[in-house]
Amino acid sequence: DSGVTQTPKHLITATGQRVTLRCSPRSGDLSVYWYQQSLDQGLQFLIQYYNGEERAKGNILERFSAQQFPDLHSELNLSSLELGDSALYFCASSPGGQGIYEQYFGPGTRLTVT
Amino acid sequence: SQQGEEDPQALSIQEGENATMNCSYKTSINNLQWYRQNSGRGLVHLILIRSNEREKHSGRLRVTLDTSKKSSSLLITASRAADTASYFCATDAWHTGGFKTIFGAGTRLFVKA
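Quick note, the sequences are listed as chains A and B, same order. Per my numbering: the first sequence = residues 39 to 152. Per my numbering: the second sequence = residues 18 to 130.
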């Protein structure tokens, strides 16, 4: 158990809908990262927050947004969902913002868009 | 595009044999990390090697880094069936948009009992 929790574990929804994925980092970790893992694209970095502020941005679509709250949990919002958004979404956390830190991954949320 | 590319894509060996996976990357990096993923589960950190280090060991794992060739290798010695998983290299570096960890496509290792 990494100490990172993600909810829900599974989500099935229809195209055009909006969903929110939630992540609680390990106790004491200030950074939260979001990744998307699909069969054809591999593990793609989406975005990182550090202590409530956006720190780095990856291949995150404009239909997707995220935030980190004062209690350091984070939410990833996915809107106008398309079939191609079906994937595993992972959250990870680390103690610091940049540099030499390993990331601790949550169990993931499996999103299926029908 | 992916920063790290693993080779081979898949590897099947017998229990007790050694497994070697390679990773190549394109730009200068600060660190390189190796992670393991059991099917459909979260990734687990294995080892981190800094750009000024050449070799690192952790139990049955040995990682090398050659920054002149922009490549790294992960050696698992005396493999066990429980080592069956996907292994990813991840590079930490500055990119457009900030300091990022970019994962490769992974090597799928299958260890036969």
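Heads up, the beta-carbon is just placed ideally off N, CA and C, and yes, glycines get one too.
Supposed close pair residue i, residue j - CB separation, criterion 8 Å
{"i": "F116 of chain B", "j": "A94 of chain A", "result": "6 Å"}
{"i": "E131 of chain B", "j": "N39 of chain B", "result": "Only positions 18 to 130 of chain B appear in the structure, and residue 131 of chain B is not among them; the question remains open."}
{"i": "G54 of chain A", "j": "S118 of chain A", "result": "6 Å"}
{"i": "P145 of chain A", "j": "Q82 of chain A", "result": "About 18 Å; that fails the 8 Å criterion."}
{"i": "Y73 of chain A", "j": "F128 of chain A", "result": "4 Å"}
{"i": "D123 of chain A", "j": "V151 of chain A", "result": "5 Å"}
{"i": "Y71 of chain A", "j": "A125 of chain A", "result": "With a Cβ gap of about 15 Å, Y71 of chain A and A125 of chain A do not count as contacting."}
{"i": "N7 of chain B", "j": "A110 of chain B", "result": "This structure leaves residue 7 of chain B out entirely; chain B is present only between 18 and 130."}
{"i": "V128 of chain B", "j": "S96 of chain B", "result": "5 Å"}
{"i": "L28 of chain B", "j": "L126 of chain B", "result": "5 Å"}
{"i": "V80 of chain B", "j": "I93 of chain B", "result": "Actually they do not touch by this definition, with Cβ atoms about 10 Å apart."}
Sheet register partners of residue i (DSSP bridge)
{"i": "A36 of chain B", "result": "B:I93"}
{"i": "Y71 of chain A", "result": "A:Q86, A:A130"}
{"i": "L29 of chain B", "result": "A small fix is needed here, since residue 29 of chain B is Ser in this sequence, not Leu. Paired residues: B:F127."}
{"i": "L65 of chain B", "result": "B:Q50"}
{"i": "E92 of chain A", "result": "A:Y87"}
{"i": "A52 of chain A", "result": "Answer is none; A52 of chain A lacks a bridge partner."}
{"i": "V80 of chain B", "result": "B:K73, B:L91"}
{"i": "N115 of chain A", "result": "A:T58, A:S103"}
Exposed unless 16 or more other CB atoms sit within 10 angstroms - verdict on residue i
{"i": "I50 of chain A", "result": "exposed"}
{"i": "I100 of chain A", "result": "Per the sequence presented here, residue 100 of chain A reads as Glu, with Ile not at that position. Exposed."}
{"i": "L49 of chain B", "result": "buried"}
{"i": "R71 of chain B", "result": "exposed"}
{"i": "I119 of chain B", "result": "buried"}
{"i": "G41 of chain A", "result": "exposed"}
{"i": "G123 of chain B", "result": "buried"}
{"i": "Q26 of chain B", "result": "exposed"}
{"i": "R53 of chain B", "result": "buried"}
{"i": "A63 of chain A", "result": "Here residue 63 of chain A turns out to be Pro, not Ala, going by the sequence shown. Flag for P63 of chain A reads buried."}
{"i": "L121 of chain A", "result": "exposed"}
{"i": "D67 of chain A", "result": "buried"}
{"i": "G96 of chain A", "result": "buried"}
{"i": "Q31 of chain B", "result": "exposed"}
{"i": "S18 of chain B", "result": "Low confidence applies to S18 of chain B: its pLDDT is 43, below 50, so where it sits in the model is not reliable, and the reading given next is rough at best. Exposed, because fewer than 16 other Cβ atoms sit within 10 Å of the Cβ of S18 of chain B."}
{"i": "T147 of chain A", "result": "buried"}
Short CB-CB distance (under 8 Å) between residue i and chain B
{"i": "Y76 of chain A", "result": "Going by the sequence as given, residue 76 of chain A is Ser instead of Tyr. Closer than 8 Å: no."}
{"i": "P145 of chain A", "result": "yes"}
{"i": "L121 of chain A", "result": "no"}
{"i": "G54 of chain A", "result": "no"}
{"i": "I138 of chain A", "result": "yes"}
{"i": "G180 of chain A", "result": "What the structure shows of chain A is the stretch from 39 to 152, and residue 180 of chain A is not part of that stretch, so it cannot be assessed."}
{"i": "G96 of chain A", "result": "yes"}
{"i": "S112 of chain A", "result": "no"}
{"i": "S40 of chain A", "result": "yes"}
Below-8 Å beta-carbon distance, residue i vs any chain A residue
{"i": "G76 of chain B", "result": "no"}
{"i": "I119 of chain B", "result": "yes"}
{"i": "F182 of chain B", "result": "No answer is possible for residue 182 of chain B: the residues shown for chain B start at 18 and end at 130."}
{"i": "R67 of chain B", "result": "yes"}
{"i": "L60 of chain B", "result": "yes"}
{"i": "F116 of chain B", "result": "yes"}
{"i": "S18 of chain B", "result": "The predicted position of S18 of chain B is uncertain, since its pLDDT is 43 and thus under 50; no value can be drawn from it."}
{"i": "A27 of chain B", "result": "no"}
{"i": "A122 of chain B", "result": "yes"}
Next item on the list: May I ask you to list, following chain order, the residues of the region 98-110 of chain A that have a beta carbon less than 8 Å from some beta carbon of chain B?
Entry: none
Next item on the list: Select from the region 42-57 of chain B all residues with a C-beta closer than 9 Å to any C-beta belonging to chain A, and list them in chain order.
Entry: N47, N48, Q50, Y52, Q54, G57
Checklist line | Short-range partners of chain B found in the region 60-76 of chain A, where Cβ spacing is below 8 Å | finding: Y71, Y73
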